[in-house]
Amino acid sequence: MDDLFAPPGTAWQPVSPALARMRRTLLAVVTVVALLAVGAVGWLGLLPRGLVAVAAALVVTLAASGWWLVGRNARRWGYAERDEDLYITRGALFRTLVVVPYGRMQFVDVQAGPLDRAYGIARIQLHTASPGTSAHIPGLPAEDAARLRDRLTSLGQAQAAGL
Amino acid sequence: MTDGLDHAVRPPKRLSPLTPVVRGGVLVAAAAFASFDSLVSGEVGPFGIILLAVLLGGFVFGYASWLRTRYWITDDELRIDTGVLYHQSRRIRIDRLQGIDIVQPFIARLFGLAELKIDVAGGDREGSLAYLPLAEAHQVREVLLARRDAVRRSAAPATGKPDAPAGADPAWAPPDHEIARLDLPMLVGSMLLSMETVGAVVGGVVVSVLAVTAGGAVALPVLPVFAGFALFQVRKFSAYYGFTVSQTSAGLQIRRGLLERTTQTIALSRVQGVLLSEPALWRRMGWAKLDVAIAGYGSGSDSEGGPSATTVMPVASRALVVQLARHLLGGDVDPDAVPLAPPPRQTRWLDPFARRFMGAGTSEELIASREGWFTRRTHVVRHARVQSLRLTQGPLERRLGLANLHVDSPPGPVHVLARHRDAVEARELMEREQALAESARTAAARYGRGVTEAAPDPASPGADPAPRTPDVTVIIPVYNTMPYLTACLQSMVDQTIGADRMEVVAVDDGSTDGSGKELERFAADHPGLFTVLHQENSGGPASPCNRGLEVARGRYVFFIGADDYLAENALEKLVDAADGWDSDVIWGKVEGVGGRGISQLLFGSTEKDIPFPHSRLPYALANSKMFRRSMLEEHGIRYHLDLRVGSDQPFTVAAMLHARRISVLADQTYYYGVRRENATNITFSSGWQARLEDIGTVMAHIAELVPPGPDRDQILHRHFKWELTNRLRADFLDLAEDDQRALMALVRGLAEEHLTDGVSAKLPVGARLRLRLAQAGRLEELRAVVAAERDRLPAPLAFRDGRVLLALPGYGDLEEDWFESRTENVVERLEAAVVVTSLAWRGTVLHVEAAGAGLHPDSAEATSAVLRPLPGNRRPGGAVRRSAKGQARRRPVLRSAVALSPATALRGLGTGLRPRDADAPTATGRPAQGGADLHAAYDVGDLLGRAPGKRRRWSARLVFEAGPRVFDLPLVAEAEVPHDTATLVRTDAGWYRLVARVGQHGRIVLVRQPVPVEEVPRRERLRAKISRLGPR
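See the structure below:
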């Protein structure tokens, strides 16, 4: 990452590698289903073979690029906790860096779907008074998520600065 | 495996088990309706099976959801866990709760259930518990609100004051007064000039063309569009008709509406940001629109709840819009003054026109951005309201080295976005904004000023009772004034008026020498007396003083410099006097300490009622006075922020103009003005430009307050006489020529604006001449005049054309009006102007030669030599002649013309003055500058016949006439003149000795002494006999 998205301290805290794994698993499942559908269509003869082959190739290409993108995306997520605020960065092509001061946080959400729970990760989202604040970190190890949430909540309280 | 959600110790609570029924109720009804006929007939087709399956699934899901939903109320947060597949745990801080609503939708009501909607400060409905039994819902609400108040009370800042808008003390409330009104022509004009109208016109043209070419039927479908447009416009008109914005004690009040009058009140503490819109069609007319983003539940009396955007002014002149914006943002900031830098050049690849219209930047209190080609939108937000910051960069932007900075603020129309900035700059801006927002927040939170947390409404049990109003608030702007600050603060503590009748508001303007710490120390030692506010350095005392005014609660306010101090009883006596006399402005005698000189002209004696401006008050425009606060609030008198030096002058002028009574106490010293040891001196050569600009700004502000005329002249003449003329003194000659010309140009600008004839008449000649020369751009002559003043060259008086003129360099060449003296002390100058150098009798004529260094040869016609009888001369009979009015009259007994010629010796050729040939003609043909040689001849012969045998004495005098003014002064001789020049004269009445004597104070006295014949020397008698034979 270039200077623009450099971390405020030494380095960005990365998210758990389980995030990438979970997403890739999901991708794999979807790909399999899609290939089966294409195969069914081809077997039923609804479409000419050539087209089926093309469709299959397309699905595989999408899956492969998706595989790579998921990995890259997960690598690009990072956060840094500082004394007064939290920095979050994400994105490879469209990069974003968000700073949320602790004193501004209204509340903190921790979300975990069934798949997340299976991989032992969770997603944390910070809310301020502004709906534009898109400060979320997916794929945090579950304990880290809980710890971060507790820490953020208590810090936000200590620095209650009003609206 | 954990799900990342730990479980609180306290047992969780559940919602009502009937919840899935209520939620699913609608679904059931819809399903029943859809399959009505199949239910009736008893058939169940495939569609029905699917429907049943869906219903069943819904029920199962609903039940699972209910099982999963739990909530906890802990000491400081409300926690709600939801979600079957996607677990969600939400924690809401209790002290952030804004409001809790209990709502009962129809079906819920049937079951006796209610929904609890929870609002968090500044956000949408952020949480809800649905559904609970009604009683339990109420109970939960009570518990949450009570806990919130308890938390708030315990966290209330120690020295803070309740967030009351200025002037909310119970003893006095400012009257509502109207700030702006949208009048009908402007409303109609703005609607006509809007895009909708343009679109409608274009559409109309298109439709009519179509109708003509392709037949009427084509136009029909378009008609509803027109109807819609017409309806929209009518509604808009009706909504904005009679739009009025007023200032009330509760905030800004907006009233509007044609058919239905709507009232909305905006509490200034709820304002998050403002949006100025200028559509292209309006820019020509100079119109703009102002919207404001307001946070919080129940903003306004329409109790809509949640965030809202409000139009503060649908259309108005840009200046008015900016003024309203300033008011909304807190009064002491200027949204127009935020420097908006355009994006860098490479932006043109992404957006070719961007650079012309986009901009973003910060000032010390605000961050703003602008964009939009067609409608130019400027978004402005205070640093203290910034929530989070976001930097984004797409691939194209990365290629060009650009990035975008989003400033997240509470929802509303205001979105500050610095688009396409240079990447490095964007990151720096983000870090800087983070720091600024941080300090703004801390300052606000600690000192409870305006930006408080969802201000507790007065009815809630947690609010403090309104404290008693102090009599006087002392406001101290502080910037690096150690160690003098200690004495100042100590004098506040020592005031005899007592800490319960006064308060001190000290505003630390970003001091770096420990002044802030000293303020804190005093505040800690004397709780309740001092309120200390900190802010980032604003560059001058104006912003701190304004801030002090906003939080002041006293009936009077007194401004004191942080390095000065007051006498112990100063405030007590001033307040008593002001109360007794009903004065709006009052101050006490000022004494300079440590070598600082204070003009004592104005404090000669205590005065109850001094008129303004026709008095010496224009010379006392410092703000170290006591002002009645209600008067300041009523007229919105504040300090202008665009002045570093001299911002107190327009403030004091405004106050004095509106004051019903201005008084001064001079029985003792009240205020001690201290000269600081290390007072930084801006050298003339480096500071003159800023100083002149400041003076110009001060004068412009004063001109705004007073219409042109004698009043304005009376005030502004001080600036010309004092401040501006001081720029044209000896230091001026040390500047480089370019600087001199530049300075002259600045003075010229001000002279063009304000140097009216009225002002000019009040100026001393030296000042007027310099100013007029600067105005005319004549550098050479100006330098000559400045040099003459520096070298203290005498300026001779010229009596001409019925006027008194001062012959400064340039006299004779330049306009005569410039040299007219109206304010100088002519008599004083005349007394030293002419000195007799020789006396000689020739026969009966006394020839007097005098050096008139202070007299100009032009005065010849207006000057005459006169002999006046001195007291002691008795007329025959002893009676003194009286005039018709009964006054003793002494007629001059001799009057003769005086000859004045240009002085033969040129004086005072100091550097810078071109030596002038005394005979060289000037442009007007009159003699140029320089004194005169005076020759007077007093022929006493005619006087010899009067009162023979008596001793007579006359005073030799000079009379100068200048129109209505006549100056009559005795001739004065230098010590070297031989005394007692005498001659003997024989007349028919006998021998007389005529003596020209230098008497008391050097005055020339003529004495006619009769001499008995016996005493006359033989020689004389013989001479007389011989001369009688010859021609006389």
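Protein chains in written order, with the working numbering: chain A, 1217 to 1379; chain B, 19 to 1050. Just so it is clear, CB atoms sit at the ideal spot from N, CA and C, and this is done for glycine as well. All values reported here derive from a predicted model rather than from experimental measurement.
Can you name the residues of chain B whose CB is closer than 7 Å to the CB of residue 1297 of chain A? Position 81 of the first sequence holds residue 1297 of chain A. Here the premise fails: no neighbours, minimum Cβ distance about 15 Å.
Buried versus exposed, by CB contacts within 10 Å (16 or more), residue 623 of chain B: Taking the first residue of the second sequence as position 1, residue 623 of chain B is located at position 605. Its Cβ having fewer than 16 others within 10 Å, residue 623 of chain B is exposed.
Anything in chain B within Cβ reach of residue 1324 of chain A, meaning under 7 Å, just list it in chain order. As a working note, residue 1324 of chain A is residue 108 in the first sequence. Within chain B, the residues near residue 1324 of chain A are 109.
Could you tell me which uninterrupted alpha helix (DSSP H) segments, each at least 4 residues in length, are contained entirely in the region 636–704 of chain B, listed from first to last along the chain? 647–652 and 666–676
Kindly list the residues whose CB is nearer than 8 Å to the CB of residue 319 of chain B, restricted to its own chain and excluding five residues on each side of it in sequence; keep chain order. For the purposes of this step, residue 319 of chain B is taken as the residue at position 301 of the second sequence. Note that residue 319 of chain B scores a pLDDT of 31, beneath 50, so its modelled location is shaky; the value from the coordinates is reported in the next line. Excluding residues within five positions, the ones whose Cβ falls inside 8 Å are 281, 282 and 283.
How is the beta strand (DSSP E) around residue 979 of chain B delimited, first residue to last? Here residue 979 of chain B is taken as the residue at index 961 of the second sequence, counted from 1. That run of the beta strand (DSSP E) goes 970–980.
Name, in chain order, the residues that DSSP records as bridge partners for residue 98 of chain B. Here the question's residue 98 of chain B lines up with position 80 in the second sequence. Residue 98 of chain B is bridged to B:89 and B:108.
Listing by chain order, which chain B residues have their CB less than 7 Å from the CB of residue 1316 of chain A? Counted from its first residue, the first sequence places residue 1316 of chain A at position 100. Correct list: 406.
Measure from the alpha carbon of residue 975 of chain B to the alpha carbon of each residue in B:733, B:912 and B:304, then state which is nearest. Numbered from its first residue, the second sequence carries residue 975 of chain B at position 957. It is B:912.
If residue 400 of chain B sits next to residue 358 of chain B, beta carbons under 8 Å apart, how far is it from one beta carbon to the other, in whole angstroms? What you label residue 400 of chain B is simply residue 382 of the second sequence in a count that begins at 1. What you label residue 358 of chain B is simply residue 340 of the second sequence in a count that begins at 1. That pair is no contact at about 16 Å.
Mapping DSSP to helix, strand and coil, what is residue 829 of chain B? Numbered from its first residue, the second sequence carries residue 829 of chain B at position 811. Coil at residue 829 of chain B, not helix or strand.
With DSSP as the reference, please indicate the residues paired to residue 610 of chain B in a beta bridge. By one-based count along the second sequence, residue 610 of chain B stands at place 592. As DSSP reads the structure, residue 610 of chain B sits in a beta bridge with B:691.
Beta-carbon proximity of residue 977 of chain B to residue 1021 of chain B, cut-off 7 Å: Sequence index remark: in the second sequence, residue 977 of chain B carries index 959 (1-based). Sequence index remark: in the second sequence, residue 1021 of chain B carries index 1003 (1-based). Contact: no.
Just to confirm my understanding: we take residue 748 of chain B, look at its own chain, exclude 5 residues before and 5 after, and list those with CB closer than 6 Å. What are they? Against the second sequence, residue 748 of chain B aligns to sequence position 730. Closer than 6 Å at the Cβ level, and outside the excluded window around residue 748 of chain B, lie 808.
Which stretch, first to last residue, makes up the alpha helix (DSSP H) that contains residue 626 of chain B? Looking up residue 626 of chain B in the second sequence gives position 608. Unbroken run through residue 626 of chain B: none, as it is neither H nor E.
Ordered along the chain, which non-local residues of its own chain (more than five positions away) have a Cβ less than 8 Å from that of residue 176 of chain B? Numbered from its first residue, the second sequence carries residue 176 of chain B at position 158. With a pLDDT of only 40 at residue 176 of chain B, under the threshold of 50, the placement of this residue in the model should not be trusted; the figure read from the coordinates follows. Here the set comprises 545.
Where does residue 6 of chain B land, buried or exposed, given buried means 16+ other C-beta within 10 angstroms? Limits of chain B in this structure are 19 at one end and 1050 at the other, which puts residue 6 of chain B out of reach.
Taking residue 982 of chain B as the reference, which of B:551, B:880 and B:98 has the closest Cα? Residue numbering aside, residue 982 of chain B sits at position 964 when the second sequence is read from its first letter. Closest by alpha carbon: B:880.
6 Å Cβ shell around residue 1027 of chain B - same chain, five flanking residues per side excluded: The sequence position of residue 1027 of chain B within the second sequence is 1009, counting from 1. Its chain contains 969 and 1011 as the residues whose beta carbon lies nearer than 6 Å to that of residue 1027 of chain B, once the 5 sequence neighbours on both sides are disregarded; these appear in chain order.
Whose C-beta lies closer than 7 Å to the C-beta of residue 302 of chain B among residues of the same chain, with five residues either side of it excluded? Residue mapping note: residue 302 of chain B aligns to position 284 of the second sequence, counting from 1. Hits under 7 Å: none found.
CB of residue 665 of chain B within 7 Å of CB of residue 570 of chain B, strictly: Your numbering for residue 665 of chain B matches position 647 in the second sequence. Your numbering for residue 570 of chain B matches position 552 in the second sequence. Their beta carbons are not under 7 Å apart, which means residue 665 of chain B does not touch residue 570 of chain B by this criterion.
C-alpha gap between residue 720 of chain B and residue 300 of chain B, whole angstroms: The count along the second sequence starts at 1 and reaches residue 720 of chain B at position 702. The count along the second sequence starts at 1 and reaches residue 300 of chain B at position 282. The straight-line gap from Cα to Cα measures roughly 32 Å.
Spatial neighbours of residue 939 of chain B in its chain, beta-carbon cut-off 7 Å, leaving aside the 5 residues before and after: For the purposes of this step, residue 939 of chain B is identified with residue 921 of the second sequence, where counting begins at 1. With a pLDDT of 46 at residue 939 of chain B, under the threshold of 50, the modelled position of that residue is not reliable, and the figure given next carries that caveat. Taken in chain order, the list of residues that qualify is empty.
Using only the heavy atoms of the ligand COA, determine whether one of them is closer than 6 Å to the beta carbon of residue 882 of chain B. Although the ligand COA was asked about, the structure shown includes no ligands whatsoever.
Whether residue 1342 of chain A touches residue 1324 of chain A by CB criterion (7 Å): Along the first sequence, one-based indexing puts residue 1342 of chain A at 126. Along the first sequence, one-based indexing puts residue 1324 of chain A at 108. Contact flag set, yes.
Beta-carbon within less than 7 Å of residue 382 of chain B's beta-carbon, same chain only, minus the 5 sequence neighbours each way: which residues are those? By 1-based counting over the second sequence, the position of residue 382 of chain B is 364. 554 and 556.
Straight-line CA distance for residue 448 of chain B to residue 351 of chain B? Reading the second sequence from its first residue, position 430 is the one you call residue 448 of chain B. Reading the second sequence from its first residue, position 333 is the one you call residue 351 of chain B. Their backbone Cα atoms lie some 21 Å apart in a straight line.
Rounded C-alpha distance that separates residue 797 of chain B from residue 581 of chain B: Indexing the second sequence from 1 puts residue 797 of chain B at position 779. Indexing the second sequence from 1 puts residue 581 of chain B at position 563. Rounded to the nearest angstrom, the two C-alpha atoms are 41 Å apart.
Quick check on residue 843 of chain B: buried or exposed, where buried means 16 or more other Cβ atoms within 10 Å of its Cβ? By one-based count along the second sequence, residue 843 of chain B stands at place 825. So residue 843 of chain B ends up on the exposed side.
Per the DSSP calculation, residue 493 of chain B is bridged to which residue(s)? In the second sequence, the residue the question calls residue 493 of chain B occupies position 475. Answer is B:523 and B:577.
Measuring CA to CA, which of B:51, B:82, B:295 and B:377 is closest to residue 2 of chain B? Residue 2 of chain B falls outside the range modelled here, since chain B spans only 19 to 1050, and no answer is possible.
Using the C-alpha atoms, what's the distance from residue 1248 of chain A back to residue 1182 of chain A? Any property of residue 1182 of chain A remains undetermined from this structure, which presents chain A solely from 1217 to 1379.
What's the C-alpha gap between residue 528 of chain B and residue 494 of chain B? The count along the second sequence starts at 1 and reaches residue 528 of chain B at position 510. The count along the second sequence starts at 1 and reaches residue 494 of chain B at position 476. One C-alpha to the other measures close to 14 Å.
Could you say if the region 854–873 of chain B and the region 813–830 of chain B meet the contact criterion of at least three C-beta pairs nearer than 8 Å? yes
Check whether the region 666–676 of chain B and the region 637–651 of chain B touch, using three or more Cβ-Cβ pairs below 8 Å as the test. yes
Report the residue from B:73, B:849, B:916 and B:394 whose alpha carbon sits nearest the alpha carbon of residue 1019 of chain B. Indexing the second sequence from 1 puts residue 1019 of chain B at position 1001. Comparing alpha carbon positions, the residue from B:73, B:849, B:916 and B:394 closest to residue 1019 of chain B is B:849.
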